[in-house]
Amino acid sequence: MNRLYPIGIQSFEEVRKGGYMYVDKTTLVYELANTGKYYFLSRPRRFGKSLLVSTLEAYFQGRKDLFAGLAMERLEQKWAVHQVFHLDLNAQKYESPQDLEGILNDALSKWEKLYGHEASETSLSLRFRGVVERAAEKTGRKVVILVDEYDKPLLQAIGNDALQTDYRNTLKAFYGVLKSCDRYIRFALLTGVTKFSKVSVFSDLNNLRDVSMTRDFESVCGISEKELRTDFQEDVQALADVGKMTLEDAFLKLKEWYDGYHFVANGTDIYNPFSLLNTFASCEFGNYWFETGTPTFLVELLKKSHYDLRRLTDEVAMADSLTGIDSVPDNPVPYLYQSGYLTIKGYNKEFQVYELGFPNKEVAEGFTKFLLPSYAHLSSGNSAFELMSFVKDVREGNVDSFMRRLQSFFADTPYELARDLELHYQNVLFIVFKLMGFYTQVEYHTSQGRVDLVLKTDRYIYVMEFKLDGTVEEALRQIEEKDYTRPFASDSRRLVKVGVNFSNAVRGIENWKFVTD
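If you're matching positions, the sequence shown starts at 4 in the working numbering and goes up one per residue.
The following block contains the structure:
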């Protein structure tokens, strides 16, 4: 099967003319264009936002030929042509105020060649307002404004308050045109990863509709289960054939790896389109989305806010904190959600909070691996080698070997963590044993001051008790007194009890002792 997948292609025209696979989203595009005027949509990176913007651009340009055979061909009868001002802020690296001013100036200069420029228009916002007004007057139709990745400059300036303030001031005036030129505008959409509420387009433009968490448009980007089974049946079969799986097993593995995104409570399961298409193109499962990059500022924010990583699998958040990130700037949860590392898993009606967690295996494994070198000391500097060696020792029953490796993970604990060592211990243990869970069975239970851990391999069951400033004898005695091994009494695998003591004095694991039954 020689199907073409639009991996990295963001032009609707290129997708359609090039014969690339396209999941028909034009019913939702039509509803978006004809049921409102001003919109904002947040989605994680590589989720199809740019293709959506390009599709809207083609629609408002009256490109009927590009919609042949799609739902839009039946829905739209008039095909009115509008001037579309399409601004893509994703194509620039923003390191100084001049970088943002440069890309805005470049776009305005091109538009001014079409619609002129007045000498009194001395600022970027005045120039933008001028071209919008003259375009509407010259064409006799209201204009369309599409801004893709509106927040790219602001995201790149996180951690640099002066630069971010400069970007805010520039964009506040520029996006303010959406309100001052209302009578000249037919439609406007801004897309991005997150929502900076202090930028005027959100604080002042009170008729902007944020559809990021609305049920009507939850599947406007990404691929739903229904679309996967309807549009990609042959692709999944080819994947199954290569992997020597049944068709249904291939569907289940795709769900485990790439499904699980939810943008409303009890909503449709959404697959990551970038990973899905890459999997079909290569006929191989992989961490395609995650490997395109994770912002380093996110890890720094987790550490700066003293975030307990165990909450990643059981986080909760109020709705308003998920729709904007600058109301509580040191809270990493909105960043984690809007960037796609956490997603909605449920909704607690009593407390009116969303329950969050990793969406799928790709994100859970990829993000945890990414965290390992940021929290743990790796003597080899190679996360993959360290993890592989740890797993190998666990599988072979080499307790002293894997405990020495675990001990090394706590070496050189940064001084700034000395005041919160217990949280640091918990975070490193969470990362290590979360990663172990992808290769062995792990049961990880925590309570104040201790960690209970069960590791299961084909040959061994490890029951581990961790103490803080205690003794390994106390840890082993607790395993016996609490009868932690009772559930495995009839199991044929070899049982290993491990007592571990952490010491604040040495900032890590002081010693351990194990007993084999």
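We put the beta carbon where it would ideally sit given N, CA and C, even for glycine.
Span of the beta strand (DSSP E) holding residue i?
i, result
"T523", "No statement about residue 523 is possible, as the shown extent of the chain runs from 4 to 520 and does not include it."
"V499", "497–506"
"S45", "41–45"
"V466", "463–471"
How about residue i and residue j: are their beta carbons less than 8 Å apart?
i, j, result
"K459", "I482", "no"
"T271", "S227", "yes"
"S200", "G327", "yes"
"V196", "S342", "yes"
"G162", "F300", "yes"
"G225", "I188", "no"
"N363", "G263", "yes"
"Y350", "N269", "yes"
"F413", "V435", "no"
"L111", "F131", "yes"
"Y261", "E425", "no"
"I464", "L280", "no"
"F220", "L31", "yes"
"A320", "V336", "yes"
"E446", "V457", "yes"
"S278", "S45", "no"
"V84", "G65", "yes"
"T371", "L359", "no"
"F190", "V147", "yes"
"R462", "R496", "yes"
"V466", "T488", "yes"
"Y23", "A284", "no"
"S57", "Q95", "no"
"E104", "T173", "yes"
"A160", "Y170", "yes"
Put residue i into one of helix, strand or coil per three-state DSSP.
i, result
"A367", "helix"
"G452", "Legend: pLDDT at G452 = 48, less than 50; position of this residue unreliable, value from coordinates given subsequently. In this structure, G452 counts as coil in the three-state DSSP scheme."
"Q13", "coil"
"Y264", "strand"
"V402", "helix"
"K28", "coil"
"N351", "strand"
"R48", "coil"
"D213", "strand"
"S227", "strand"
"S99", "coil"
"W114", "helix"
"K198", "coil"
"T1", "Given that the chain is displayed from residue 4 to residue 520, the structure contains no residue 1 and the question cannot be resolved."
"V56", "helix"
"T173", "helix"
"T295", "helix"
"T168", "helix"
Check whether the Cβ of residue i lies closer than 8 Å to any Cβ atom in chain C.
i, result
"W515", "Any reference to chain C falls outside this structure, which holds one protein chain only."
DSSP beta-bridge partners for residue i?
i, result
"V150", "L90, L193"
"A320", "Y357"
"T346", "G360"
"I328", "The partner list for I328 (beta bridge, DSSP) is empty, contrary to what the question assumes."
"I161", "According to DSSP, I161 bridges with nothing at all."
"V445", "L458"
"I106", "I106 is not bridged to any residue."
"I273", "S227, Y264"
"I188", "V146"
Is the closest heavy atom of the ligand COA to the C-beta of residue i under 7 Å?
i, result
"K258", "Looking at this structure, you won't find the ligand COA or any other ligand, since it has none at all."
What are the boundary residues of the alpha helix (DSSP H) that includes residue i?
i, result
"G246", "236–246"
"I434", "424–439"
"T282", "276–285"
"P490", "Note, P490: premise wrong, no alpha helix (DSSP H); not H, not E."
"S183", "180–183"
"R137", "127–142"
"A74", "74–78"
"E303", "299–307"
"Y340", "335–341"
Stretch pair the stretch 480–498 + the stretch 368–383: three plus CB contacts closer than 8 Å: No: fewer than three Cβ pairs fall under 8 Å.
Between the stretch 132–146 and the stretch 180–198, can you find at least three pairs of beta-carbon atoms closer than 8 Å? Result yes; three or more Cβ-Cβ pairs closer than 8 Å.
Looking at C-beta atoms only, is the number of pairs between the stretch 503–518 and the stretch 459–475 that lie closer than 8 Å three or more? Cβ pair count under 8 Å is three or more, so yes.
contact_flag[the stretch 314–326, the stretch 62–79] where n(CB pairs < 8 Å) is 3 or more: The stretch 314–326 vs the stretch 62–79: no contact.
Sufficient close CB pairs (3 or more, under 8 Å) joining the stretch 36–49 to the stretch 227–238: Because the criterion of three Cβ pairs below 8 Å is not met, the stretch 36–49 and the stretch 227–238 do not touch.
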